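In order, the protein sequences belong to chains A and B. The first sequence begins at 1 in the numbering used here and counts up one residue at a time. The second sequence begins at 1001 in the numbering used here and counts up one residue at a time. Even for Gly, the Cβ is constructed at its ideal location relative to N, Cα and C. None of the values given here were measured: they were computed from a predicted structure. Here is the structure we will look at, set down as structure tokens.
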Amino acid sequence: MKQIFWTFVTLLSHWRRRPGNFFALFVGLAIATALWSGVQALNAQARKSYDRAASVFSGGGAQSLVPTSGATIPQELFVKLRLAGWKVSPALEATVLVRGTPFQLIGVEPLTLPRGGQLGGLVDGGDFSAFFAPPGQVIAPPEVLRDLGAKDGDRIALDTGKSLPPLRSSAQAPPGLLTVDIGVAQTLLGRPGQMSRLILRQPPDNDAPSLASVVGNALRLLPAGEEEADLKRLTESFHLNLTAFGLLAFLVGLFIVHAAFGLAFEQRLGMVRTLRAVGVSTRALAAALFGEVALLALVAGGFGVAAGFWLASALLPNVAASLDALYGARVAGGLTLDPTWLLSGLGIALVGALVAAAGGLAKALRLPILAAAQPFAWRQAQQVFMRRRAWLALLAFGAAFAAYLWGDSLYTGFAALAGLLFGAALLLPVLLSAALRLGESFSSAPLVNWFWADSRQQLPGLALALTALLLAFATNVGVGGMVEGFRQTFAHWLDERLAAEVYYEAAGAPEARRIEAWLATRPEVLAVLPSARTSVRLSGWPTEIFGMTPHETFRAHFPMIDQAPDAWEALQRGDGALISEQLARRLKLGLGSSLDLPTASGIWRVKVGGVFPDYGNPRGQARIDIDALTRHWPDAPRVSYGLRVAPQETPRLIAAMQAEFGEKIVRIADQAAIKKISTRIFEHTFAVTTALNTLTLVVSAIALLASLTTLGDTRLAQVAPVWASGVSRRRLAQLEFLRVLALTAATAVLAVPLGLGLSWCLVAVVNVQAFGWRLPFEIFPWQWAEILALALLTAAIASIAPILRFVRTTPAQLARIFANER
Amino acid sequence: MTDAATRDDARKPAQVEAPLLRVSRLNKSYPTPQGPVAVLKGVDLTLARGESVALMGESGSGKSTLLHLVGGLDQADDGEIVIDGVDVTWLSDTGRAALRRETLAVVFQQFNLIPSLNLQANVAFQARLAGRFDPAWTDELIHRLKLQDLLERYPEQLSGGQQQRAAIGRALAVRPRLLLADEPTGNLDEATADDFMALALDVVAATGCAFLMVTHSERLAARLQRQVRLSAGQVRLSAGVINQP
């Protein structure tokens, strides 16, 4: 133990003498851990919220009856079931808007609510009478009150103008939900006598009549865990994408750690030889080295985990907004600290550090005590190493291609991406070395020749940092291209898709008919385009059936990927459907395929006449004629409308409609407002991507700085002979600067094709697998110019300190190199 | 025991009946692209307790290799190395580490101090590793080697002579039975080398250990009790004379 202790203390003394190295290692590991554990915290928080949300109705083992099709259950069915002895409790769920922010409202019936579940517990614990006695009560978790900017007892107005009952905060309330009495909910939502589900208080008695005998096919028993599984399946791709980014950032961070450890081991080879020479056994040395790596990993990892928590807290609002808007998944506003996450963060830091240090550790442990410097052997070894790298790179590219060719899942998509990045990372030093060798062969002037040869000798020390930069630049080109491409495609798609100038939703069917009649009298209204929707499951996948009018507006504007010549005619006849790209891919359907739609009265077969892009929709969608929809799903409310109006008349018409119908219109917005909301959803999503992307770039810049700083220590001995031969320090410093600039610029140039490959892989493979839609592949040369400029700036900033140090080296210090004093 | 008495003991002829070190028929070759090159060819050597011997020879004669094999830094092809009655020729890595740590100590031409430790920690280092750290003895060594004003300095802040004095301090702090030195003055000028040798022989005598030193310098070799000359991997001449320091 004494041996291990003193060896350990001696190894640690290295860092005290080289704080720059320690800083690079610490920052690298801390940032890598922070990015990884931050992403994990976001995912864990989201999953925890899903579980809590899913257990709102299923808690305590309760099951639900939901409509087979359509959105609501009429009161009569509830009454029939109760009379038949089924112990059910009604509930009504809907999204309400408060100052434009969506909140989930749930109406429950406290007297019949099952005990034990989240909702049952809520009512049990609270003031029972206050909950349903007028004016009632809204129970919500503290974060919802915070989001609302309200406190206990406050009454909040919905965007429809109606007021919620007084708020009551409860930590036990389901995340993001406003819970009210069902009567209050029906009034607030303008859906008297309607409910969205019936909660089964207990399984039906054996002698109770069967569900079908009471309500026919109108209701179905929701299998346990189906809702939870739906939410998880819908959001899985989002979380997987987030994890992939976290992993990429973690790997780039590990490059720094690898570089810092590698250089530390390199600098300590003499020390290790001395330790071995004075009697430290390999075993003791191994124990001390492992102990050192573990200690550094735990200290830096600890900081990293704390920083990750902070990062996740900062990104959570954007992630929550994206998840809510894209999938309707509510994530609690505040991040909670979980010991498992804390330990796994430290664990990943430890594993990462050990992986990053493995090469150095192995080298230190295998080091012969008497190994002499053999520059020629080293060069030969380098050549063999380069050849091996080239072969491994080819293998990685081959694996990526194979994953693309034969893979059919998001995992193989990421495998293709990883193979591409890994191959490029392996190939970079080989390409740079070849370029430097080429430069060397063309130069004859001695200083220029030395410059090329010396750059080649520097390459192994800089290779890791340059590789980290390559990955960061390529990710920026690739992800930047994908995001920009998406932004442009999405904007164009929205322009076409949102062809109507005004969109509104009536409070109910009678109101809708009255408004329609009123609109018919308005000369500025060019067309009224009603729509209705209902939900079904196709091959277990939640799918929306959307009824629309095959009006000229849609025929001219509705964006399509592919369509049969008679697509719109077939739709109008009622035997054709347009399906979303997601649905087409998921069910492997194409033009002319048959699609079986489950209706309350049986299967209805339609023919696919067209496939349309439906960006951002996690569910499938089939569009049919609105009258056909009403025939097959009579319960589907026909309350949503689009209006064609002369654009200059839009504000006046909206004002007139609001004045005329007030609360009878649940929501109304013009085209621009809807576009703004839709665009904001994606800005939230990409804010997270951009933040991780930028951090990856920062991490790689630190990697370069760390490598240059640590290399600076050994540079003196390499540069001193050139200085002694009559080259000024200023000239040498200029050459040093030029070298870093040139190598970084070359890396940035190589990052462009890699980034394009990455971008293509993202739009053509990963996006398709993750979301079911494919974007057009576009290139943005101005982004490349930005990256190149950024690369040169990074190189300049990173090389300033080491070069200034070199310029400040006194002639006496340089002369000491030859005095053999060290 | 006084210093003078210790010095006298050190100058006594080797005790042939109980040698501290016995090297018999030692062979060592190194692989090269042109085939193996024999560096040591059946070398025999003995060293009595407390005896000081200079190992000489032209470059490439095998003297450093012999020192490294005795010091457990490398392994022989065949032959036998016995130190203090223990055959150390085929010890495992751990066994050889223990040998270097506890029985003998090595001083190198390149000083090989640990750059991140100050002089005081460097001198105490091996003794601490071996669990034999004796503050009083270490302090005495530091004073004998005239290092007391440099204790807080790091190796890079020391001259070559100072570094080599620290290196021998580190070697002797563990009170080894055999001290090996591989051209310890090779990087020092003549005056510094002379000063170093005087101090080194003084502390070696104070420790009472045997001393085997590789050197090119006839002048310095003459200050040791015996000179052994290697040529082309074989012992050509062993001069068993007592030299005056």
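- Query: For residue 1 of chain A, which of helix, strand or coil comes out of DSSP?
  - Reply: coil
- Query: Which one or two residues does DSSP pair with residue 1030 of chain B in a beta bridge?
  - Reply: B:1037
- Task: Identify the contact partners of residue 1112 of chain B in chain D, using a Cβ-Cβ distance below 8 Å as the criterion.
- Result: Looking for chain D here will not work: the only protein chains present are A and B.
- Task: Name the residue from A:443, A:37, A:196, A:131 whose alpha carbon lies nearest to the alpha carbon of residue 307 of chain A.
- Result: A:37
- Item | For residue 610 of chain A, the residue or residues it bridges with in DSSP | A:563, A:578
- Distance CB(residue 807 of chain A)-CB(residue 751 of chain A) smaller than 7 Å: no
- Item | Rounded distance between the beta-carbons of residue 1026 of chain B and residue 1053 of chain B, thought under 8 Å | Contact flag wrong, Cβ pair sits at about 15 Å.
- With C-beta atoms as the reference, is residue 1174 of chain B less than 7 Å away from residue 1132 of chain B? yes
- residue 604 of chain A by DSSP, collapsed to three states: which one? strand
- Query: In the segment 1064–1088 of chain B, which residues sit with their C-beta less than 7 Å from some C-beta in chain A, listed in chain order?
  - Reply: 1068, 1073, 1074
- Query: Roughly how many whole angstroms lie between the Cα atoms of residue 377 of chain A and residue 383 of chain A?
  - Reply: Residue confidence for residue 377 of chain A is low, a pLDDT of 46 falling below 50, so the modelled location carries little weight; the figure read from the coordinates is stated next. The straight-line gap from Cα to Cα measures roughly 10 Å.
- Query: What is the DSSP secondary structure of residue 499 of chain A, counted as helix, strand or coil?
  - Reply: coil
- Query: Quick one: what does DSSP say residue 158 of chain A is sitting in, helix, strand or coil?
  - Reply: coil
- Message: So residue 689 of chain A and residue 280 of chain A are supposed to be a Cβ contact under 8 Å. How far apart are they, rounded?
- Response: Actually they are not in contact, since the Cβ atoms of residue 689 of chain A and residue 280 of chain A sit about 49 Å apart, beyond 8 Å.
- In the structure shown, what three-state DSSP assignment does residue 1111 of chain B receive? coil
- Message: Does any residue of chain B have a CB that is nearer than 7 Å to the CB of residue 14 of chain A?
- Response: yes
- Bridge partner(s) assigned by DSSP for residue 195 of chain A: A:73
- Task: Output the distance between the C-alpha atoms of residue 374 of chain A and residue 340 of chain A, rounded to the nearest integer angstrom.
- Result: With a pLDDT of 43 at residue 374 of chain A, under the threshold of 50, the modelled position of that residue is not reliable, and no figure is offered here.
- Item | At least 3 beta-carbon pairs within less than 8 Å: the segment 289–299 of chain A vs the segment 342–354 of chain A | yes
- Message: Three Cβ pairs or more, each shorter than 8 Å: is that satisfied between the segment 386–402 of chain A and the segment 422–442 of chain A?
- Response: yes
- Would you kindly check if the distance between the Cβ of residue 196 of chain A and the Cβ of residue 105 of chain A is under 7 Å? no
- Message: Between residue 274 of chain A and residue 1112 of chain B, how many whole angstroms is the CB-CB distance? I'm expecting something under 8 Å.
- Response: 4 Å
- Item | residue 596 of chain A, DSSP secondary structure in three states | strand
- chain B residues whose Cβ lies nearer than 7 Å to that of residue 3 of chain A: 1129
- Query: Counting along the chain, where does the alpha helix (DSSP H) carrying residue 1200 of chain B start and finish?
  - Reply: 1190–1207
- Quick one: using the 10 Å Cβ neighbour count with 16 as the cut-off for buried, is residue 156 of chain A buried or exposed? buried
- Query: Three-state secondary structure (DSSP) at residue 641 of chain A?
  - Reply: strand
- Message: Considering Cα atoms alone, identify which of A:143, A:160, A:437, A:88 is closest to residue 152 of chain A.
- Response: A:143
- Task: Would you verify that the beta carbon of residue 17 of chain A is, or is not, closer than 7 Å to some beta carbon of chain B?
- Result: yes
- By Cβ distance below 7 Å, which residues in the same chain neighbour residue 769 of chain A in space, the five residues on each side in sequence not counted? 409, 410, 413
- Message: Excluding the 5 residues flanking residue 494 of chain A on each side, which residues of the same chain have their C-beta closer than 7 Å to its C-beta?
- Response: 675, 678
- Using a Cβ cut-off of 7 Å, pull out every chain B residue sitting near residue 283 of chain A, in sequence order please. 1094
- Is it the case that the Cβ atoms of residue 1024 of chain B and residue 1079 of chain B are separated by a distance below 7 Å? yes
- Beta carbon of residue 578 of chain A, beta carbon of residue 612 of chain A: below 7 Å? yes
- Item | Endpoints, the alpha helix (DSSP H) within which residue 747 of chain A is located | 729–761
- Query: Out of A:145, A:790, A:198, which has the shortest C-alpha to C-alpha gap to residue 477 of chain A?
  - Reply: A:790
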